[in-house]
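One structure is given below, encoded as structure tokens.
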Amino acid sequence: MKPLAILQPETISEVIAVIDEYDNRALCIAGATDVMIALRNRELPEATELLVDISRIAELQGIREDENLIKIAAGTTHTEIEQDPLLQHYAPCLCAAARSIGSPQIRNRGTMGGNIVTAAQCADTIPPLMVLSAEIVLVSRCGTRILPIEEFFTGPKKTARRNNELVTEIRFAKPPPNARGYFYKLMRKETVAKARISIAALAEQSLDGTISLLRLSPGSVTPRPRRFYPVEQLLEGRKPDEHLIEEAAGKTAEIMVSITGRRWSTPYKEPVLRTLAARALKEILTIEEQPHVQ
Amino acid sequence: MNPTKQVNQNTNQNPDQGKLLQTDASPEISFKAVNKSFARLDGYEKVTGRVAFGADISKYRQIYAVNVLSPLAHAKIMQIDLSQAMKVPGFTAAATAADVPGSNSMFGRFPVLAAEEVKFIGDGVAVIAAETREAAVLAASLVKVTYRELPAVLTVKEALAPEAPRVHPDLEDNHIEHSHHKMYSGNVETGFSQADIILERDYTTGFAYTGYIEPEAVAVYPDPGRNGIVIEGTIQNPYSVRENVAAALGVPMNHVRVIQTAIGGSFGGKDESVIVMAARCAVLAAKTRRPVKMVLSREESSRIGGKRHPYFSHYRIGATRDGTITAIEDTVYAQGGAYNKQAMFLNWRGSVHAAGPYRIPHVKTDIYGVYTHTLYGTAYRGFSAPQLVFAVESLIDELAEACRLDPLEFRLRNCLKPGDTIPSGQTLDPEKMPANLREILLAVTDKTGFKKKWQENRIRAIQPGHQNLKQLTPQQLSGIGLSATYRGAGLGGEGLDTGAAVLTLDRDGYLNIQSSSTEMGQGIRTAHAQIAAEVLGISMDRVSFSPTDTSITLDAGPTVASRGILSGGNAVKIAAEKIRARLASAAVEILGCTRNPHPSRNGGKEALEFSNDTVYLSACPENSISLTELAMECHRNRGIPLTAQGWFTPEPEKLDHATGQGNAYPTYLFGAAVAEITLDPGTGKISVKKITAAYELGRAVNPDIVIGQLTGSIMQGLGYGIMEEIDVRSGALQTLNFDEYMLPGVMDLPEVDILLYETDSNVGPYGAKGIGEIGIELIAPAIANAFFNATGRRIRELPLNFERALLGKALR
Ligand SMILES: Cc1cc2nc3c(=O)[nH]c(=O)nc-3n(C[C@H](O)[C@H](O)[C@H](O)COP(=O)(O)OP(=O)(O)OC[C@H]3O[C@@H](n4cnc5c(N)ncnc54)[C@H](O)[C@@H]3O)c2cc1C
Chain A
1 MKPLAILQPE TISEVIAVID EYDNRALCIA GATDVMIALR NRELPEATEL LVDISRIAEL
61 QGIREDENLI KIAAGTTHTE IEQDPLLQHY APCLCAAARS IGSPQIRNRG TMGGNIVTAA
121 QCADTIPPLM VLSAEIVLVS RCGTRILPIE EFFTGPKKTA RRNNELVTEI RFAKPPPNAR
181 GYFYKLMRKE TVAKARISIA ALAEQSLDGT ISLLRLSPGS VTPRPRRFYP VEQLLEGRKP
241 DEHLIEEAAG KTAEIMVSIT GRRWSTPYKE PVLRTLAARA LKEILTIEEQ PHVQ
Chain B
1 MNPTKQVNQN TNQNPDQGKL LQTDASPEIS FKAVNKSFAR LDGYEKVTGR VAFGADISKY
61 RQIYAVNVLS PLAHAKIMQI DLSQAMKVPG FTAAATAADV PGSNSMFGRF PVLAAEEVKF
121 IGDGVAVIAA ETREAAVLAA SLVKVTYREL PAVLTVKEAL APEAPRVHPD LEDNHIEHSH
181 HKMYSGNVET GFSQADIILE RDYTTGFAYT GYIEPEAVAV YPDPGRNGIV IEGTIQNPYS
241 VRENVAAALG VPMNHVRVIQ TAIGGSFGGK DESVIVMAAR CAVLAAKTRR PVKMVLSREE
301 SSRIGGKRHP YFSHYRIGAT RDGTITAIED TVYAQGGAYN KQAMFLNWRG SVHAAGPYRI
361 PHVKTDIYGV YTHTLYGTAY RGFSAPQLVF AVESLIDELA EACRLDPLEF RLRNCLKPGD
421 TIPSGQTLDP EKMPANLREI LLAVTDKTGF KKKWQENRIR AIQPGHQNLK QLTPQQLSGI
481 GLSATYRGAG LGGEGLDTGA AVLTLDRDGY LNIQSSSTEM GQGIRTAHAQ IAAEVLGISM
541 DRVSFSPTDT SITLDAGPTV ASRGILSGGN AVKIAAEKIR ARLASAAVEI LGCTRNPHPS
601 RNGGKEALEF SNDTVYLSAC PENSISLTEL AMECHRNRGI PLTAQGWFTP EPEKLDHATG
661 QGNAYPTYLF GAAVAEITLD PGTGKISVKK ITAAYELGRA VNPDIVIGQL TGSIMQGLGY
721 GIMEEIDVRS GALQTLNFDE YMLPGVMDLP EVDILLYETD SNVGPYGAKG IGEIGIELIA
781 PAIANAFFNA TGRRIRELPL NFERALLGKA LR
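Order-wise, the sequence lines are chains A and B. The first sequence lines up with residues 1 to 294 when you count with my numbering. The second sequence lines up with residues 1 to 812 when you count with my numbering.
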């Protein structure tokens, strides 16, 4: 392995200039909680020569409200996300996901930018960001690209980010005021455990109980993160009842199997995803008491 | 019989737990230093980070060694090509089997480096040293080994098949030498003919990783002052390392000096792996005349380190309709892996306990150890008990169910009581062994409201459809489970259980202890200091200890089998008593009194008291001399040596190894535990809410340390029960680090409520029997029994992870 150089720029524009010049020979490090492990396991990209430490750039820190948008700078740590009052108000499911990550030490270092750029199957902030319909802001010498989160993930551990692009921000429109969000992570132990399966959901019901908005994204079950649109379509425009939720939950598991095929873990994941989807939906949807039919 | 004294120790709720013991002490016995929760002697250095662990060693001009490991389970080594490795800048030396100067077969058939063939994935083929660790890692990765793959036996079943390839071709088959142990008593056929109900069951447990926080590290360097080498490192058993490395180098043992650094956990595991590491580094050090250091990464530790033996247990048990056990018969196979240093001892212990803590007239136990081309089994806390207690305690619950008795009632009916005879023919002499299992069972079940909870859950579990998966948001199910155990103290018939210590009272009246027992975080140094302080009336802050160093401390075997207190503690006590007698002989002259020649015959009252760093006449406390003055006087004016040696060996256990009959252990500990769990029937996730456990341990020398040991053991038992699983697909270890190997963390700690029962007249010092291990074995079966209580389903394989709990079986 070549010896690595490390650079600590202070502004976004410095970073952009450097990564443009070095292209695939430069690698950003934010919290380094993924990079250090790759380094130790000799799994860094072959060409890497220069580590660009972006953890001290003030512009990459913090969470702001901008009219209808919530903007999270890419270098914001999971601890900050977990504790931020704005997010607790507008996106508690994202706070819950951040809280479930690793241990306090990991959350103090690890950033949202790093989490989505690594794009691990089990990355915990991704399912909530999917249901929040987040957008990723990518900046390079050539300008700014804004990608819907779904287009950002292109395959297992693959993203649409180009080598010369820095993720500067993750943002999403404030969900409707009465929307309800949900996140659950199934872990083999209470801390420092990756998700066996996770699930995020967001729903809004109109006054008469009709589901006006529904978004669902399970984590750790498909090679790349996805929204489960057929389930959403099944539910939107209808009034929820036990039966409908059961049908939607069944469909969620079905979609997973249709994507992954039957694998060794399917006998476990199929029933469990169904249960977790049903729980998520029951949690965020209000089922009106049906008048008793005599 | 001696009354048992119960001490309540709720670890979660009572920060002052240690104090309870003092107020509750039996009126006849009052202790000065023992039975009190003194701070640990090595505590300050450890919590402030000052203590040096193995990886902290740094020697002038040291080089770094890295292993080249076999990627194949069984293969002939055709060629080892070092040419590319030698080109790496910084490369200094390499060694293969050909470089081992002495014997390349250490105890248990472990080679220093594999010579002809490799026998498991992780077997060492070569070792590389370089100026930096990075260079050594790189060079090791460039060693090209040509193998011819051979058929491997990866499971016990494969190993025992007729015509199976042999792991050690000089043996007739794959049975491990001397590892078949029998325990036959009565006649099981008679017993089964008396039974109305007979169950036949199989229980399986897999490998488990000791998972210590600190991976193995050793440094080996030429002795600067004399002929030979020095080995420093994270070594549990320095004398085993010394003996094996001396043989590998072909030098006398006194040319090898082993110094133990502080150890970040061992649990039995830092044994074979560090012997092999030390031997490899010693070969390189002899070759290069430079210090050689080897520190394992977590992944290497997982690959090289020993694991708890998997056990495959087949049980048959019979009872009469009223719930009296008539017979038990079991055949158990322990998977020993490629090499073996333990199975003959492990299985012997197992054979004594395989029938559980029950009075059973007809017993037939056969335990075998089997070689396979896999990871090898090491000593790991419990030493056969975690495996067998899971089997027996699950079985007993199943039998209770078949007899329509609740688990408590059934156990009360059958459990060992004072005066009972265990399968080895040994009688639990009420004077020596109070055997208060009944009392303990009642205590843990009373305290938890076991009977009522058990009934309620059981009734719910048998209602149809209670865990229908169609019901999509099922409620958490609660379950409660019970388990009981007894455990022979020390080595018993496993081997000579000697402990040794040298104590020196310096002329300033301060004491130093050289003990044969090693400190591994279990607190043995503090406990030994308390024993010495009790005898000499010296305050704890006057006691220090020598590092464990084979050129200083005495060889009394390994620190295993929870024997640091029983035999090591007795040795300290004996040495302290010798010093006390010498001090007393001077003191009587100085204080002008006559000495009671037979203190023990006079109600234990001596003419002299040793207390508060002072010696005084019992009858006239004002007539006193300080320990400092007295020590100075002995040193300076009287030529009385204040260094004394203590050796202690419990009475030899008489055992017929053909039948297992005889006295197995000098004494036994008893324990019972209740686990309260919730199960998410939608995911199979078990949450352990509370463990209530009670132990009869003789005496808690230091109650805080005892609670620490027991709580840690309970956590390891919890991990073994529901989380920890080693994946060895095709012999290749998949679970290399803690992202895959699920070790419970602090957030998984349930509420733990521990009750301690103390008894007198045991063989250990002040009655103490040693509690390093007993905490671990009750937990997995209590959880499995609680799972049954919650669901009506029985899982006979550990761990009860999500997949087994939901589907009843592992995914692969
Ligand atoms: C013990 C442990 C436990 C963990 N537990 C969890 C868990 O429970 N859940 C979970 O989701 N993750 C977990 N992780 C993974 C990791 O902590 C997270 O993915 C974290 O969010 C990564 O952020 P980082 O800032 O440390 O990334 P880094 O390691 O600094 O970077 C990761 C990748 O992202 C790139 N990158 C970072 N920031 C930017 C940017 N602004 N623009 C472009 N590229 C960028 C880097 O070049 C690199 O390729 C764990 C890791 C460890 C070590």
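Where a beta carbon is used, it is the ideal one built from N, C-alpha and C, also for glycine. Here the structure is a predicted model, which is why all the values come from computation and not from measurement.
CB contact flag (residue i, residue j, <7 Å)
| i | j | result |
| --- | --- | --- |
| C403(B) | G337(B) | no |
| L138(A) | V117(A) | no |
| L69(B) | G122(B) | yes |
| P101(A) | D124(A) | The residue you asked about is not Pro; residue 101(A) is Ile in the sequence shown. In contact: I101(A) and D124(A) (Cβ atoms closer than 7 Å). |
| V292(B) | V220(B) | yes |
| Q514(B) | I565(B) | no |
| R563(B) | G479(B) | no |
| A664(B) | Q342(B) | no |
| P407(B) | Y486(B) | no |
| G639(B) | A575(B) | no |
| A195(A) | C95(A) | no |
| L113(B) | A97(B) | yes |
| S351(B) | Q661(B) | no |
Contact belief for residue i with residue j at Cβ below 8 Å, rounded distance in angstroms
| i | j | result |
| --- | --- | --- |
| A694(B) | G671(B) | 7 Å |
| L249(B) | P89(B) | Actually they are not in contact, since the Cβ atoms of L249(B) and P89(B) sit about 29 Å apart, beyond 8 Å. |
| S273(B) | G233(B) | Actually they do not touch by this definition, with Cβ atoms about 11 Å apart. |
| A95(B) | V283(B) | 5 Å |
| E80(A) | I54(A) | About 15 Å separates the two Cβ atoms, so there is no contact after all. |
| I705(B) | A532(B) | That pair is no contact at about 16 Å. |
| V241(B) | I275(B) | 5 Å |
| I771(B) | L697(B) | 5 Å |
Where the beta strand (DSSP E) containing residue i begins and where it ends
| i | result |
| --- | --- |
| K189(A) | Here K189(A) belongs to no beta strand (DSSP E), and DSSP marks it neither H nor E. |
| K76(B) | A75 to D81 |
| V543(B) | V543 to F545 |
| G219(A) | I211 to G219 |
For residue i, the three-state DSSP class (helix, strand or coil)
| i | result |
| --- | --- |
| Q88(A) | helix |
| F670(B) | strand |
| R316(B) | strand |
| K174(A) | coil |
| L60(A) | helix |
| M520(B) | coil |
| K36(B) | coil |
| C28(A) | strand |
| M86(B) | helix |
| T550(B) | coil |
| K451(B) | helix |
| P148(A) | strand |
| N602(B) | With a pLDDT of 46 at N602(B), under the threshold of 50, the predicted position of this residue should be treated as unreliable, and no value is reported. |
| F153(A) | strand |
| H309(B) | coil |
Residue range of the alpha helix (DSSP H) that includes residue i
| i | result |
| --- | --- |
| R299(A) | An answer regarding residue 299(A) cannot be provided, because it is not within the stretch 1 to 294 covered by chain A. |
| V295(B) | Unbroken run through V295(B) is the beta strand (DSSP E), V292 to V295; no alpha helix (DSSP H). |
| H243(A) | E242 to T260 |
| I304(B) | R298 to I304 |
Requested in this report: Residues of the segment 94 to 123 of chain A with a CB closer than 7 Å to any CB of chain B: list them in chain order, please.
Outcome: none
Query raised in the report: In the segment 272 to 288 of chain A, which residues sit with their C-beta less than 8 Å from some C-beta in chain B, listed in chain order?
Result: V272, R274, T275, L276, A278, R279 and K282
Query raised in the report: If contact means a Cβ-Cβ distance below 8 Å, which residues of the segment 179 to 195 of chain A contact chain B?
Result: L186, R188, K189, E190, T191, V192, A193 and K194
Query - Contact residues within the segment 725 to 748 of chain B, judged by C-beta distance below 9 Å to chain A - result: F738, D739, M742, L743, P744, G745, V746, M747 and D748
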